[in-house]
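Undergrad: Submitted below is the structure of interest, expressed as structure tokens.
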Amino acid sequence: MSTLGTFQPTSRGRALYTHDELRPLVRPASVAVVGASRTGSGFGASTVTQLVNSPFAGTVYVVNQRFATDPAPQGVVGVASLDHIPGGLDCVLIAVPAAAVEATVEAAAAVGCRSAVIFTAGFGETAYGAAAQDRIREIADASGMRIGGPNTAGILNYRDGIPLTFLGDLRMDLPSGDIGIVSQSAGLATHLGHRRHRGMGVSYTMTTGNSVDVTALDYVNFLLDDDMTNVIMLALEGVDNPAALRQAGRRAHELSKPILVLKSGRTTLGSNAAVSHTGSLTTSYEVFCTAAEDAGLLVFQTPEELLDAANMFSRWRNKRYRRGGVAILTTMGGPGVIAADAADDAGVALPTPTASTVARLGELVPSFAAVGNPIDTTAFQSDAVLGQCLLALAEDPSYSVVLTLVSTTTGAATAGRPAAIATAAGSTDVPIGGIWLSSWLEGPGSETLDRDENVALTRSYTSMFAGISAWTAWQERRLATVAVSDTSPVNLLDRDALSAVADRLGTVSATSTLDEQDSREVLSLIGIAMPIAEVVTSSDAAERVAQSIGRPVVAKIVSKDIPHKAEVGGVILGLADPAMAGDAYQTIMKTVASRRPDAALSGVMIAEMLSVKTEFMCGAVRDPVFGPVVVCGAGGGAAEELGDVARCVAPVTTDSALRAVRRLRAYQSFHRRDPEAAELLAAGVSETMVRLGELMNTEQRIVEVDLNPIGLDDRRRLVSLDALVVMR
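Position 488 of the sequence shown, counting from 1, maps to 488 under UniProt numbering, and the rest follow consecutively.
In structure tokens:
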């Protein structure tokens, strides 16, 4: 999987560091800075300035040979070297040139320093630096000293007022809060943290850089055990430890602390060389999102959605959740329509109020007002009336959230409206949200709602409903007590038989696409039902096989060099009698040979002609980070164009596979037409997905499987009409 920026995989398979292991790094009582220049410029000097000007109550040491003779500046303790520091040291901040970093880390480990942050860049990005980074990792492993970075902006501990960073203008005086930020990108972390100026409370901002030792998920694990942090924002470029992702998700579920994720690199394709439809439908971003969502993490598309959702989860943490839709209260028709469209796009329901709520609203607003949903009170309602309308909707059991479209002006007419909304939000345990309509984003009254602890305010329709959708999914997951499982499915395979077939068919030197006959042999070992078929090498044999099948047949070229047969004229359907099968053999061999003279042709497969009501596809690929990924979706020749796909990351269970199938638009459409058949299909496809997952786990030489199309035949039996296996 391709990654962006400076992220360097380092921790595959390691258990996450605990809160106690990271406490000296995140909440140190003593800090030493190595690399503060005599001129007062550079990262080291800036780091000292931030610490001295902060509320940090611990000891700040500045390490420089000049302090063997010169007095130290006010506010710090100057020492000539690390071994001159009396007693223990929690954290050393390293801002020396790259060539001196390794020796500095060794010196810190030698004096028993508990942790280090390396600001310096030039490690994983260069040949010399990569080797030095490996040696630094060895020092961390041997000494137990936890190391952040290199190439990081450090840690901003707002809870304790400790800026372990060279960044300036941090406003450590702003109130802290319960949202933790973890980011592999320092720049992105900084910009996410600027939301503090609009009232979002942050406990810590942690940047990881190259993650030579401590990774983003280690910081997440720390925050899960931090008693001041309730919501975690995680901005990732890559992850190399799938087990740790599942562990973090499981702990977040147990502790009721949501993890909200922004993954960069959404459009970076990881499957340009894919042979199968399955491979073409799966990118590294999609696989990551599947793994994160399977782990119970909530994935967002943009920084704005991430920030608004985090603020929403924080403000609504102690609010009541009840199943229902959203009520939209507006004083203007146009914005109400836009909000309704955005809700529909996000899959958020807008039920109409109950009769008793309609009666109550009728007492508050004019008779010509619209009391459906959105509820349009018309313009110039008093602030008091709007507050009462919000509370009336909050009492309606139809709604899990009440949303108001905040219409304000610069005059006196609506000057008190934000305060009235905040008062109503503080008077109910039902979540209240607001969308700020004015393009004057910081206009009068916005600061009241931005800073109110009961109101979740956004400047975007789509961001609001993305947050509500995620909040609802999180609450439903909690109610269902769904936990992430590392348990593998029941053994369904004859492993010895599979190994014997793979030994015979596989190659050692290069990836090999099996022809359909060999692919069928592999898949028969996991119980995949396929049409009766036989490979022939003459027209007479084709007629004989068609005669024995006794029903219409299809003829298909058999070649390991041609995975997509129809594209080269290698498929002829609907052969109703044996003579037609013989003619089809001749036509296919001649056509394919002319179009693909380079291909080795093994013959033609004569197979019974089956049809399925609705075509689906199912397959599996091997992701370099997350391992086997099993895919289902709308099938047929347009599978890639339709893009109607759902995925499961191993371990694949019946439950996770069923959830994937039921997310498909094609399945939902099929269910509306024939519910009974759709349930049979879902059961069959989910079982096939489990079997494919175990096949990939068992035989590491298999890298891709593609079953397309797959569906219910006229006997309502799940069959795969075509099959492709790629080995290495």
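Think of the CB as a built atom: it goes at the ideal place given N, C-alpha and C, for glycine as much as any other residue.
All of these numbers come straight from a predicted model, not from anything done at the bench.
1) Would you list the one or two residues that DSSP bridges to Tyr128?
2) Under a Cβ-count criterion, where at least 16 other Cβ atoms within 10 Å of its own Cβ denotes burial, should Ile135 be classed as buried or exposed?
3) For Gly711 and Ser398, what's the separation of their Cα atoms in angstroms?
4) For Cys113, which three-state DSSP category applies?
5) Could you have a look at Ser276 and say whether DSSP puts it in helix, strand or coil?
6) So, helix, strand or coil for Val337, using DSSP?
7) So, under 8 Å CB-CB, Glu516 and Val501 are touching, yes? Tell me the CB distance rounded to an integer number of Å.
8) So what's Thr331 in DSSP terms, helix, strand or just coil?
9) Going by DSSP, which residues form a beta bridge with Glu534?
10) Can the beta-carbon of Ile179 be found less than 7 Å from the beta-carbon of Val231?
11) Below 8 Å on the Cβ atoms is my guess for Gln133 versus Val212; work out the distance and round it to an integer in Å.
12) For a test of the three-state rule: what should DSSP assign to Asn697, helix, strand or coil?
13) Only counting the same chain, and skipping five residues up and downstream in sequence, which positions put a Cβ closer than 7 Å to that of Gly570?
14) Just confirm the distance between the C-beta atoms of Val358 and Val371, as a whole number of angstroms; I'd bet it's less than 8 Å.
15) For the beta strand (DSSP E) holding Asp207, just list the boundary residues, first then last.
16) So Val76 and Val60 are supposed to be a Cβ contact under 8 Å. How far apart are they, rounded?
17) Under the DSSP definition of a beta bridge, which residues are partnered with Met233?
18) Which residue comes first and which comes last in the alpha helix (DSSP H) that contains Val725?
19) Shortest alpha-carbon distance to Ala327 belongs to which of Val299, Tyr285, Ile375?
20) List the residues that DSSP assigns as beta-bridge partners of Glu704.
21) Could you give the distance in angstroms between the alpha-carbon of Gly336 and the alpha-carbon of Asp450?
22) Give every residue of the same chain whose Cβ lies closer than 7 Å to the Cβ of Glu102, excluding the five residues on either side of it in the sequence, and list them in chain order.
23) Say whether the stretch 292-312 touches the stretch 335-350, bearing in mind that this needs 3 or more beta-carbon pairs closer than 8 Å, one atom from each stretch.
24) Answer yes or no: do Ser407 and Gly324 have a C-beta to C-beta separation smaller than 7 Å?
25) Taking 7 Å as the threshold (C-beta atoms), are Asp345 and Thr458 in contact?
26) Find the nearest neighbour of Val48 within the set Tyr158, Asp83, Ala142, Gly168, judged by alpha-carbon distance.
27) I need the boundaries of the beta strand (DSSP E) containing Leu93, first residue and last residue.
28) Please list the terminal residues of the continuous alpha helix (DSSP H) segment that includes Ser669.
29) Quick one: is Phe288 buried, meaning 16 or more other Cβ sit within 10 Å of its Cβ, or exposed?
30) In its own chain, which residues sit with a C-beta less than 6 Å from the C-beta of Val630, not counting the 5 before and 5 after it?
31) Please classify Asn697: is it buried, with 16 or more other beta-carbons within 10 angstroms of its beta-carbon, or exposed?
32) Once you ignore the five residues that flank Ala108 on each side, which residues in its own chain have a CB closer than 7 Å to its CB?
33) Which residue or residues does DSSP assign as beta-bridge partners of Ala576?
34) Check whether the Cβ atoms of Val685 and Glu704 lie closer than 7 Å to each other.
35) Short of 6 Å in beta carbon distance, which residues of its chain neighbour Leu192, apart from the five on each side in sequence? Order them along the chain.
36) Can you find the residues in the same chain that come closer than 7 Å, C-beta to C-beta, to Gly426, ignoring five residues on each side of it along the sequence?
TA: Let me spell this out:
1) None, per the DSSP bridge assignment.
2) Checking the displayed sequence, the identity of residue 135 turns out to be Arg instead of Ile. Arg135 comes out exposed.
3) 39 Å
4) coil
5) In this predicted model, Ser276 has a pLDDT of only 45, less than 50, meaning its place in the structure is not dependable; the value taken from the coordinates is given anyway. In this structure, Ser276 counts as coil in the three-state DSSP scheme.
6) helix
7) Their Cβ separation, rounded to whole angstroms, is 15 Å, which puts Glu516 and Val501 out of contact at 8 Å.
8) Coil.
9) Ile606
10) yes
11) 5 Å
12) Three-state result, Asn697: helix.
13) Lys556, Ile557, Ile562, Ile588, Val592
14) 5 Å
15) Per the sequence shown, the amino acid found at residue 207 is Thr instead of Asp. Following the DSSP letters along the chain, one finds Thr207 inside the beta strand (DSSP E) bounded by residues 202-207.
16) Taking 8 Å as the upper bound for CB-CB distance, Val76 and Val60 are in contact here, some 5 Å apart.
17) Ile181, Leu260
18) Val725 -> not in any alpha helix (DSSP H); beta strand (DSSP E) instead, spanning 723-727.
19) Ile375
20) Paired residue(s): Val621, Val726.
21) The alpha-carbon atoms of Gly336 and Asp450 are separated by roughly 21 Å.
22) Around Glu102: Ala132, Arg135, Ile136.
23) no
24) no
25) no
26) Gly168
27) 91-94
28) 665-673
29) buried
30) Result list for Val630: Ala620, Cys648, Val652, Met689, Leu692, Gly693, in chain order.
31) The residue in question, Asn697, is buried, as its Cβ has 16 or more Cβ neighbours within 10 Å.
32) Leu82, Val92, Ala116, Met145
33) Note: Ala576 sits in no beta bridge, so no partner.
34) no
35) Ile181
36) If we look at Gly426 and ignore the five residues flanking it on each side, its Cβ neighbours are Asn454.
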